[in-house]
Amino acid sequence: MIAPEVEIQVIASVVAVTCAIPGVFLVLRRMALMSDAISHSILLGIALGFLVAEDTSSPLLILAAAATGVVTVALVEVLNGTHLVKEDAAIGLVFPALFSIGVIIISRYAGDVHLDIDAVLLGELVFAPFDRLIIDGMDLGPRILWVMGTILLLNVIFIVLFYKEIKLSTFDAALAGALGFSPAVIHYLFMSLVSVTAVGAFDAVGSILVVALMIAPPASAYLLTDRLPWMIALSAGLGVLGAWSGYWLSYALDVSVAGSMATMTGVIFGITFLLAPQRGVVATARRRVRQKWEFAATMLAIHLLNHEDSPDADEESRVAHLQKHLRWDPAFAEGVVRRAERRGWVINPSNERLRLTDRGRSVARETTSA
Amino acid sequence: MTEKNGLAIEVNDLTVAYRDHPVLWDVDLEVPSGVLMAIVGPNGAGKSTLIKAMLGLVKPAAGRVIIHGKPYSEQRHLTAYVPQRGSVDWDFPTSVLDVVMMGTYGKLGWFRRPGRRERDVAMQALAQVGMEEFADRQISQLSGGQQQRVFLARALVQDAQVYLMDEPFQGVDAKTERAIVDVLQELRSQGRTVVVVHHDLETVREYFEWILLLNVQRIAGGPVEEEFTEENLRRTYGGRVPFLNTGGGAAGGSGVSSPELKSARSR
Amino acid sequence: MAIPLTELFTDYTLRTVALGAAALGTVSGSLGTFAVLRKQSLLGDAISHAALPGIALAFLLTGSKAPFVLVLGAAIAGWIGTLVVMAVVGATRIKEDSALGIVLSVFFGIGLVLLTYIQKLPNASQAGLDRFLFGQAATMLERDVIVIAGLGAVALLVTGLFWKEFKLLSFDRDFGATVGFPMRFVDVVLTSMLVISIVIGLQTVGVVLMSAMVVAPAAAARQWTDRTGGMFILAGIFGAVAGVSGAMVSSTAARLPTGPTIVLCMSAIVLLSLTIAPNRGLVWAWFRRQHARRALRVDAVLRDLEALAGQHATPGHGHPLATLEAMRVGHGNVSRSLGKLEERGFARRLPNGDWALTDRGAREAARLHESGNGGAA
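If you read the sequences in order, they're chains A, B and C.
For the first sequence, the working numbering begins at 1424 and goes up steadily by one.
For the second sequence, the working numbering begins at 320 and goes up steadily by one.
For the third sequence, the working numbering begins at 43 and goes up steadily by one.
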């Protein structure tokens, strides 16, 4: 038998990949918080399923939970449709209510059995390897691995089958509708998939980590690439990375596994947020500075061109004047002039009055006619 | 510094960029006191941005704004702003009178609540736009034109010298348009300056005497009679001016008229 | 409620719980008004989840479980969470929903790491921090109530002071800036008050559900009033009612966690408000729709009568019911509409059972034409 630590990491990786796929579309469709709502309210489904089946391992629990997820989406939309509350409030009204009913049912009627609320929030990944799928006395590995594997397969099949449709309805719902794909049908199919994924993952990692795994890796990937297939692959990869590093963090500090994994997905997001090559904060700031100078030099050329033939041309072309009218501070103004001189856009013959060169003139014209 | 007397607004070299994308390039503008001025230009020309940059709502990359001889930041109390109607949530739980009274908040300063005097001023402004019987209405019950008039009343309450209005005629009915024009002309007759982002080229001559033609850069600006020409319009709207009625030229009440124009108005 | 009211005044624990729940319900409910109006309902969820690591860190650093220390830690962490959301939205193309989702799940995860770390510490004084997950009203002590009421009073006072500025910020931020208020500062003050209103409830309601105490009372109150002030007061009352009833029920019944019970009480108020509130409520809307539909049907029959009258030279010529019904197949009960028209004197029934337009009816039909064609101003 494989060591439990290895199995835990395998399970965590499969969960991470399974969550990342629908997560990408949640992030792109600006519905990230539906994962929060769904992952909470499925508890009600689990509780109701338990009341009926009186067995925590019954498949009825999973079915009921997935159904509650879809019901959550529908309720939010119904509430939205009344126009009595705004969409953000609709989400904020629906899932706490459903979650509360679920918590109360569990603590009243199922408190003594295996279902306890902490486990639901936090997951019990550590114990997952001990719940094994055994058929005819053959040990086929942890049960959760089979469950998540199946859901992963479902996700992949859905994305492959509906890739074009879901991409279209994500980026342009109106066009998708016009071309005959019903955005509503795709929406509900997709939301069912999110619910099923959340239910499966929830059993292993708890509802909060479901949110972290669905949102943080795709959001990180969104900062790294513009291409949808890459974004899906990167999300999956970053999710696995978060799960692994989170596992080792929890191992080292002897703390909550789900909490550590959520923390690590956050750390990975933080790193991408700061350092992503194109869209990270550092890259953006550096680009901004460069652009600011670039922009100012162009602006100088345009400014001189605009005033070239006017009576106040003499006045407007003085370096000192730039400080006043353009509100550039002296050091910046001088820097801009030097930059423009280096490029041969302006000359500064009298050291006070700037003159536009032919090159500068054409730069200014090109920029403004574009 | 060449401080020109009698100028209500002087904008020098205003340049605005959103992220790395320039929206306004080096715009100069001089508006004499006591005129009605229209800012016209195609969609995306930066008309609203110009107004917002003048009001400090958008940070310019360069340039300055002078209101009656001093920088805008010192002359805020002389300036009133009428934003686009669509910029607020009209389902907000508040009454017409409450919204109009917001025009008094600047003078009230921190923490002081509007009282009877502010109420009276607001009621007067509502009467001026013909909306006094709506004072206690919840704002979501207003039509588009009525909403626009409420915004106008809020600006009137500010008792400013310079009014900057972002598309006040957008999507309003004929009655409201007339009412607004009447108020604007009343303001002008009191020597105040009104700058309006405007879409409907057909009414430019009728409503305004000063104009700025804008398309990222200033194309032309000055008295309507001199600057509202076919040539300048062509330069402003680029190739998209099939609507110019060349027969009439720029002379006459409307040198321009066609379906395209009407659609521009309803946008 | 099954609790004898007398116990409320005699039982110390119950009284404490009731007072605390009332205070926090009032504060979070009323301040939630601004969160809901600014479409920031879910920011509350992020703040409350983000507070968890703050609570744990405050304990780790000070070793104290004094309510003020923990609330302070929660508030700082909640604020940092808000700042992270703003930074991510402001600096990248990631949208607010994703930023909120990341903050709430990651901060909560960090909180769990810290909580489990604390549990492993040798000294035993750490017990009880996990009540912040779902809340526990029964453990509320007098000093907790003092902190809740004290901070709550500060928040309400500041809101009273900044009332017109907060309103300006929520309704028209740009306009507020042009009349000279530094709106970013006003935003910081309002957000700080929102943070306070959330963190004071965490011990009672729990981080997982506290956002509902911010959103639900305001959403319910909006249905009953069209004024910001009214909404603020009503939301406070709803919050207090839900807080007290939920806390009482859960402290007296066995195995009924406090947070969820309070939230369910609040949800009941929301449901009631959405259905029966005058004007906006669904029941009213339904009646209004029915009424409008009936009026339209009556108008349509009137127009039919007019059209038929136009085909005959003699005014007052009668038309059989069947003809009119044929013109309006599937549009409801024509004879009922005719009855209405007769009541209003627009149509009359001839002795032979046919229906005819009266003069008044003809004028009314003409008026309908006019208003249908261009009187929409």
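Glycine included, every Cβ here is placed at the ideal spot set by N, Cα and C.
Just so it is clear, the structure is predicted and the values come from calculations on it, not from any experiment.
Chain-ordered neighbours of residue i on chain C, where CB pairs are closer than 7 Å
| i | result |
| --- | --- |
| A/I1638 | S140, G143, I144, S147 |
| A/K1587 | Going along chain C, no residue has its Cβ under 7 Å from A/K1587, so there is no contact; the nearest lies around 24 Å. |
| B/Y400 | F217, T220 |
8 Å Cβ cut-off: residues of chain A touching residue i
| i | result |
| --- | --- |
| B/G382 | H1748, L1749, R1750 |
| C/Y54 | Going along chain A, no residue has its Cβ under 8 Å from C/Y54, so there is no contact; the nearest lies around 25 Å. |
| B/W344 | M1722, I1725, T1790, T1791 |
| C/R331 | What C/R331 touches in chain A: nothing, since even the nearest Cβ is about 12 Å away. |
Residues of its chain near residue i, where Cβ-Cβ distance is below 7 Å and the 5 sequence neighbours each way are ignored
| i | result |
| --- | --- |
| B/P433 | M420, T423, L427 |
| A/L1575 | V1437, V1440, T1441 |
| C/S292 | A179, L298, P299, T300, T303 |
| A/P1753 | Q1746 |
| A/G1564 | R1555, L1556 |
| A/S1567 | As written in the sequence, residue 1567 of chain A is Ile, which differs from the Ser given in the question. I1434, A1551, D1554, D1626, A1627, listed in sequence order. |
| C/A254 | V305, M308 |
C-alpha gap between residue i and residue j, whole angstroms
| i | j | result |
| --- | --- | --- |
| A/Q1746 | B/H518 | 35 Å |
| C/L99 | C/A108 | 13 Å |
| B/T555 | C/V131 | 35 Å |
| A/S1643 | A/L1664 | 12 Å |
| C/E384 | C/N321 | 30 Å |
| C/I160 | C/L102 | 7 Å |
| A/R1650 | C/A141 | 21 Å |
| B/E388 | B/V346 | It should be pointed out that residue 388 of chain B corresponds to Gly in this sequence rather than to Glu. C-alpha separation (whole angstroms): 18 Å. |
| A/V1496 | A/V1526 | 20 Å |
| C/L156 | A/A1675 | 13 Å |
| C/F204 | C/L198 | 10 Å |
| C/A119 | C/G170 | 20 Å |
| A/F1518 | C/R331 | 30 Å |
| C/L56 | C/T294 | 9 Å |
| A/E1789 | B/Q489 | 33 Å |
Contact list for residue i against chain C, beta-carbon separation under 8 Å
| i | result |
| --- | --- |
| A/G1468 | Under the 8 Å cutoff, chain C gives no residues; its nearest Cβ is about 16 Å from A/G1468. |
| A/S1458 | G143 |
| B/R395 | T220, V221, G222 |
Cβ-Cβ distance between residue i and residue j below 8 Å
| i | j | result |
| --- | --- | --- |
| A/V1690 | C/A133 | no |
| B/M442 | B/E452 | no |
| A/L1636 | A/A1443 | yes |
| C/D229 | C/L251 | no |
| C/V249 | C/S90 | yes |
| C/A77 | C/V256 | yes |
| B/I458 | B/V440 | no |
| B/V401 | B/P487 | yes |
| B/Y482 | B/R511 | yes |
Close beta carbons around residue i, own chain, < 8 Å, minus the five adjacent residues each side
| i | result |
| --- | --- |
| C/V187 | T58, L61, G62, A65 |
| B/G325 | P351, S352 |
| A/V1769 | L1723, A1724, L1727, V1760, A1763, L1777, R1778, L1779, T1780, G1783 |
| B/G425 | R395, H396, Q477 |
| A/L1749 | M1722, H1726, A1756 |
Neighbouring residues, chain A, relative to residue i (Cβ below 7 Å)
| i | result |
| --- | --- |
| B/T334 | M1722 |
| B/N331 | H1748 |
| C/R322 | L1507 |
| C/Q265 | L1507 |
Beta-carbon contacts of residue i that lie in its chain and below 6 Å, excluding the five residues immediately before and after
| i | result |
| --- | --- |
| B/T565 | Unreliable placement is indicated for B/T565, whose pLDDT of 39 sits below 50; the coordinate value is still reported in the next sentence. Excluding residues within five positions, none has a Cβ falling inside 6 Å. |
| B/R584 | Confidence at B/R584 is low in this model, with a pLDDT of 38, below 50, so the placement of that residue is unreliable and no value is reported for it. |
| A/A1470 | G1525, I1528, I1529 |
Neighbour list for residue i in chain A, Cβ cutoff strictly below 9 Å
| i | result |
| --- | --- |
| B/Q536 | I1725, N1729, T1791 |
Contacts of residue i in chain B (Cβ-Cβ under 7 Å)
| i | result |
| --- | --- |
| C/F213 | V407, F411, T413 |
Interface residues of chain F facing residue i [CB-CB closer than 7 Å]
| i | result |
| --- | --- |
| C/K162 | Judged by its chain identifiers, the structure shown contains no chain F, and its protein chains are A, B and C. |
query = Looking at chain B, which residues of the segment 1617 to 1633 of chain A have a Cβ within less than 8 Å of any of its Cβ atoms?
reply = Those would be none; no residue qualifies.
Open item on the list: Along the segment 1433 to 1454 of chain A, where does the CB come closer than 7 Å to a CB of chain C? Name the residues.
Closed with: Listed by position along the chain: V1450, R1453, M1454.
Going along the segment 176 to 192 of chain C in order, which residues come within less than 8 Å of chain A, judged by CB to CB distance?
Here the close residues are F176.
Please name the residues in the segment 217 to 243 of chain C whose beta-carbon is closer than 7 Å to at least one beta-carbon of chain B, in chain order.
Residues of the segment 217 to 243 of chain C whose Cβ lies closer than 7 Å to any Cβ of chain B, in chain order: F217, A219, T220, V221, G222.
Query raised in the report: Taking any Cβ of chain C, which residues in the segment 425 to 449 of chain B have a Cβ under 9 Å from it, in chain order?
Result: So the list reads G425, K426, L427, G428, W429, F430, R431, R432, P433, given in the order they occur along the chain.
- request: Quick one: which residues of the segment 270 to 285 of chain C get their C-beta closer than 8 Å to a C-beta of chain B? List them in chain order.
  value: Cβ contacts with chain B: T270, G272, M273.
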